[in-house]
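A.B. asks: The structure follows.
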Amino acid sequence: MSQLFTRPGLALFLPYLLVIAVGTELRWVGVWRHGLPLLALFGLLAWWLNYRRYRLVADTPTSRIASAALGRAELSGRAYCHPNAPNFSPLSGRRCVWYQCSQRQRDRAASLHWRWSFDKEIEWEHQTCDDSFVLRDDKAEALVLPEAAEVQASHSRRWVEDGYEFRESWIEEGETLYISGQLSALGGPAGGAAFIQDVGAKLAQWKQDPQALRRRFQLPGDGPFSTEEWDAVVQAAKREVRDSETMPAGPSLILQRAQDGLPMLISTLSAAQCARGYRLRAWLHAGLACLFLLLWQKFS
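Last residue of the sequence shown? That's 300 in UniProt numbering, and every number before it is there in order.
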C-alpha cells in the first residue's frame, strides 16, 4: 500500500477533510448543501487525473534504454549525477540526483474558537532541482531533464531549527528509477529540434557549476551572467555540440516532458507499483464523489 500513501497522492484528499471538519464544527446545513457538490466535482476531477496517469503507465511498456523507440517511452535504470557536475541539496549539502526543499517561518495564532488554530506563514522559500542527470542500465544511458516532472521520491526529512521549518525530499545517486516521458535523440542538424535539445542539455550541465563555467570562459565576477557573457556561452555550447555529433561520447538519448501536455513521471517505485497506486487513488476518488452526491441529495 506504500504506492497509495505518497505525499502527492495524500495531498488530493486534504480538501475532503477540510470541508468535513468545517461542516462538523459549524453544524451549518448550508456548508453541506454547497460544499458537498463541490467535493463531488473535485472527486471526479481527481479521479480523471489519477486514472489518466494510470492508463499512461499501464498502456506503455517499459523498455531498455538501448532498444527504446523514440516518442512516449517508459525507462527503468539507475540514476547518476554527471561525473563532473553533481547535484547537491542546498539545505543539507547531500549529493543527490534530484531534490526538493522548502523553508518556512511560521507563527501559530489562535482563532475565534478554542478548538481551532492556524499557522500564519511569515516567510516561505521553495526550491526544486531542474538540473539534468543520467539514467543508466547495463547496456546504455539516457540524459534526463526533470523540469516540470511529477516526482515521487522515497527519501524525505523534516526538522525545525531556530523558528524555521525545513523540508527536504531527494533521490539518492544509484537508486533505481522508473521514468515515463518523451524520448528523443540528441544531436541533429543545426537549428533542428534535436540540435536545440542537445544544446539545452549541454547548457543545463554547465550551469550546475557556475564558478567552473566562469573559469572555463575566463569571465570575471561571481554574479549573474550578462547578456553578452551568456551569448558567448551559448555559442560555445553550439560549437561543442556540432563537434561532438560524430563522436559517440556521453548519452545519445534525452528523456523529458512531452510538448503535448502529457505528464512526465519520475518515481523510485516500479512501473507496476505506480500503476497500482494511480488506479487505487482513482477509484477512491470516484467512490468519494458518488458518496458526496448521495449526501448532497439528503441535505438538499
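Heads up, the beta-carbon is just placed ideally off N, CA and C, and yes, glycines get one too.
1. Tell me whether residue 173 sits in a helix, a strand or coil according to DSSP, three-state version.
2. For my contact list, residue 135 and residue 256 are in at a C-beta cut-off of 8 Å; report their separation, rounded to the angstrom.
3. Can you tell me the Cα-Cα spacing of residue 273 and residue 239, whole angstroms?
4. With H, G and I counted as helix, E and B as strand and the rest as coil, what does DSSP make of residue 153?
5. On the premise that residue 205 lies in contact with residue 58, defined as a C-beta separation below 8 Å, what is that separation, rounded to the nearest angstrom?
6. Flag this pair as touching only if the segment 166-173 and the segment 80-96 have three or more C-beta atom pairs under 8 Å; answer yes or no.
7. For residue 215, does the count of other Cβ atoms within 10 angstroms reach 16, so buried, or fall short, so exposed?
8. What does the alpha-carbon distance come out to for the pair residue 83 and residue 69?
9. Would the beta-carbon of residue 149 fall within 7 Å of that of residue 254?
10. For residue 277, report the span of its alpha helix (DSSP H) as first-last.
11. Could you give the residue range of the alpha helix (DSSP H) that holds residue 212?
12. Can you check which of these residues, 178, 208 and 201, is closest to residue 73 by C-alpha distance?
13. What is the rounded straight-line gap between the Cα of residue 176 and the Cα of residue 268?
14. Less than 7 Å separating the beta-carbons of residue 152 and residue 258?
15. Identify which residue in 231, 212, 81 and 218 has its Cα closest to the Cα of residue 174.
16. Within the continuous beta strand (DSSP E) that includes residue 144, where are the two ends?
17. Would you list the residues sitting across from residue 165 in a DSSP beta bridge?
18. Which residues does DSSP list as the beta-bridge partners of residue 78?
19. Using 10 angstroms around the beta-carbon of residue 198, count the other beta-carbons present and answer buried if the total reaches 16, otherwise exposed.
20. Can you give the Cα-Cα distance for residue 61 and residue 275, rounded to whole angstroms?
21. Where DSSP assigns a beta bridge to residue 226, which residues make up the other side?
22. In angstroms, rounded to a whole number, what distance separates the CA positions of residue 46 and residue 39?
23. Which of helix, strand or coil does DSSP assign to residue 15?
24. Between the beta-carbon of residue 65 and the beta-carbon of residue 56, is there less than 7 Å?
25. Buried or exposed: residue 98, going by 16 or more other Cβ atoms within 10 Å of its Cβ?
26. Determine the direct distance from the alpha carbon of residue 162 to that of residue 112, and round the result to whole angstroms.
27. DSSP has residue 206 in a bridge; who is on the other side?
28. From 50, 33 and 15, pick the residue whose C-alpha is nearest to that of residue 262; which is it?
C.D. replies: Straight from the coordinates:
1. coil
2. That pair is no contact at about 12 Å.
3. 43 Å
4. coil
5. Incorrect: roughly 33 Å between the Cβ atoms, too far for contact.
6. yes
7. exposed
8. 27 Å
9. no
10. 271-299
11. 210-217
12. 178
13. 6 Å
14. no
15. 81
16. 141-144
17. 104 and 160
18. 136 and 176
19. buried
20. 12 Å
21. Residue 226 pairs with nothing; no bridge assigned.
22. 10 Å
23. helix
24. no
25. buried
26. At residue 112, the pLDDT of 43 sits below 50, so the modelled position is not reliable and the matter cannot be decided from this model.
27. Paired residues: none, contrary to the question.
28. 50
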